[in-house]
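Residue numbers (the numbering used here): 450 to 694. Just so it is clear, CB atoms sit at the ideal spot from N, CA and C, and this is done for glycine as well. Predicted model only: the values in this text are computed from it and were never measured.
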Amino acid sequence: MDIDSILERFNWVENSSSIQDVYDYYRIHCCDYDLFYDKNFSEEKNDFYKQLYKVLNDRLENIISESNNSRKKKVFLSHSHEDFEYTYRVGSYLKKNYNVDVYIDELDSLMPSSTNSDTARRLSKKIETYDRFIFVGTKNSFKSKWCNWELGIANNKNLKGHLAFFVMNDHPAKSGIYDKNEYVGLYPFIWDKKVLDIESDENDLFVGYYKDRGNWDLFVPLKDWLCKNDNFFNTVQKNEKNKRE
């Protein structure tokens, strides 16, 4: 195992602008945890990962956005470490297409090498100070104690309007089948427009609720959800209510 061979798997990321590429990666690797991820850390392995993550962080920082949005927002990506490669692709896609800063804790050089209370304090502070919270939903993250803890921190911050789940479009939770994760129904999802049958030339992704929510048909473009300063869903709902009255 060497850094160069691992980095080859990331070479396409900076040049890809298709959300389908991100989905396809997960479909191919959804039955496996990261090919290079090793839970049994040693000092030697820890040094290896530090070098690897530094290179990947530099790559992520150097991705040039195609968006004209000047109001750059910070997005916290909650994920399982077993899904790092997938999460990196999600973050790269968001940065390239929506001009946001993304936080992936593996790439944080100040994060302790082994989890402890300092890990929790640093994660909590990041969640408190970042503008958006996206839960990268996979079979690993839904059962992760850390991911669910992070979700609780974001919820306590009153981020319900700025908190969303990013999962595959055919994930059962999007149809209201939560498999012991009923809390998922409280929050909006990030959707592909073709699944919603929405015609739009300017945006491929939307944020909104589905089916079991009273406002299930309320969707907003992802770029607006990422860029607005206030609780965008509450603002839209109030406007819709005023129109009906």
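Boundaries (first-last residue) of the beta strand (DSSP E) holding residue i
{"i": "TYR636", "result": "Run containing TYR636: none; DSSP gives neither H nor E here."}
{"i": "TYR552", "result": "550-552"}
{"i": "LYS523", "result": "523-527"}
{"i": "PHE614", "result": "612-615"}
{"i": "PHE459", "result": "Looking at the DSSP string, PHE459 is not in any beta strand (DSSP E), and its letter there is neither H nor E."}
Contact set for residue i: own chain, Cβ-Cβ below 6 Å, skip 5 residues either direction
{"i": "HIS528", "result": "THR536, VAL585, SER590"}
{"i": "LEU559", "result": "none"}
{"i": "VAL616", "result": "GLY586"}
{"i": "PHE459", "result": "none"}
{"i": "ASP567", "result": "PRO561"}
{"i": "LEU456", "result": "none"}
{"i": "TYR579", "result": "LYS523, PHE525"}
{"i": "HIS611", "result": "ARG581"}
Identity of the residues DSSP links to residue i by a beta bridge
{"i": "VAL656", "result": "ILE639, VAL669"}
{"i": "ARG570", "result": "Partner(s): none; ARG570 has no beta bridge."}
{"i": "ARG581", "result": "VAL524"}
Cutoff 7 Å; reference residue i; Cβ partners in own chain excluding five residues on either side
{"i": "ILE576", "result": "PHE525, PHE582, GLU599, ILE602, ALA603, LYS606"}
{"i": "ASP653", "result": "ILE468, ASP641, LYS642"}
{"i": "LYS692", "result": "Residue placement at LYS692 is flagged as unreliable, the pLDDT there being 49, under the threshold of 50; the coordinate-derived value follows with that caveat. Excluding residues within five positions, none has a Cβ falling inside 7 Å."}
{"i": "GLU555", "result": "TYR502, HIS530, PHE533"}
{"i": "ILE553", "result": "LEU526, THR536, TYR537, GLY540"}
{"i": "TYR474", "result": "TYR535, ARG538"}
{"i": "ILE512", "result": "GLU463, SER541, LYS544, LYS545"}
{"i": "VAL471", "result": "ARG538, VAL539, TYR542"}
{"i": "ASN495", "result": "SER562"}
{"i": "SER593", "result": "SER529"}
{"i": "LYS588", "result": "none"}
{"i": "PHE655", "result": "TRP640, LYS642, LEU645, ILE647, PHE668, VAL669, PRO670, LEU671"}
Within-8 Å CB hit, residue i to chain D
{"i": "GLU599", "result": "Absent here is chain D; the protein component of the structure consists of one chain."}
Alpha helix (DSSP H) segment containing residue i, residue limits
{"i": "ILE455", "result": "452-456"}
{"i": "ILE513", "result": "Segment: none, ILE513 is in no alpha helix (DSSP H) and carries neither H nor E."}
{"i": "SER541", "result": "533-547"}
{"i": "ILE586", "result": "Per the sequence shown, the amino acid found at residue 586 is Gly instead of Ile. Per DSSP, GLY586 belongs to no alpha helix (DSSP H) and is neither H nor E."}
{"i": "ASN604", "result": "594-605"}
Own chain residues within Cβ distance below 8 Å of residue i, not counting five before or after
{"i": "ILE452", "result": "PHE497, GLN500, LEU501, VAL504"}
{"i": "PHE614", "result": "ILE583, PHE584, GLY586, ALA622, VAL633, TYR636, PRO637, PHE638, ILE639"}
{"i": "CYS596", "result": "SER527, HIS528, SER529, PHE584, SER590"}
beta-carbon residue i near the ligand COA non-hydrogen atom, thresh 7 Å
{"i": "TRP674", "result": "The model on display carries no ligand, and the ligand COA is accordingly not part of it."}
Handout entry: the region 561-574 / the region 538-549 touching (three or more Cβ pairs under 8 Å)
Key = The answer is no - the region 538-549 does not touch the region 561-574, with fewer than three Cβ pairs under 8 Å.
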